[in-house]
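Engineer: Mapped onto the numbering used here, the consecutive letters of the sequence shown carry residue numbers 104 to 190. No residue lacks a Cβ here, since even glycine has one placed at the ideal position from N, Cα and C. This is the structure I want to talk about, given as structure tokens.
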Amino acid sequence: MLRGVNRQVLEITETNNMYYEKALLVIKPEYANAQQAILEKEARLMLKRMKPPSAIKVKSKIFYWCTRLGGASLFGAGIATLILLCL
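If you want it as structure tokens, here you go:
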């Protein structure tokens, strides 16, 4: 239960991030009186550093490893075929 909570929230609607449409950032009470431009600049820098959600990263890793192992298997099969044809 929350009672008497007074927080300043900064809403960024143009995130320039393909994964996130909107960001809501709660500002610490000691920085509530800071200039709006500085707060928005820091928020945008933080949004630029954000990475994709973990599910997307996992799918990318699975695709990467499947491609890498598949390529190695084809390479090994090609070498084995060459060796067997030369004998």
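1) Per DSSP, what are the beta-bridge partners of I130 in this structure?
2) Give me the residue from I165, I186 and A146 with the minimum Cα distance to A126.
3) Hey, out of Q111, K151 and L190, whose CA is closest to A135's CA?
4) My output table needs one value for G173: the three-state DSSP class, helix, strand or coil.
5) Taking only the alpha-carbon atoms, compute the straight-line gap between E124 and L150 and give it to the nearest angstrom.
6) Quick check on A135: does DSSP put it in helix, strand or coil?
Structural biologist: The structure says:
1) Q111
2) A146
3) Q111
4) helix
5) 11 Å
6) coil
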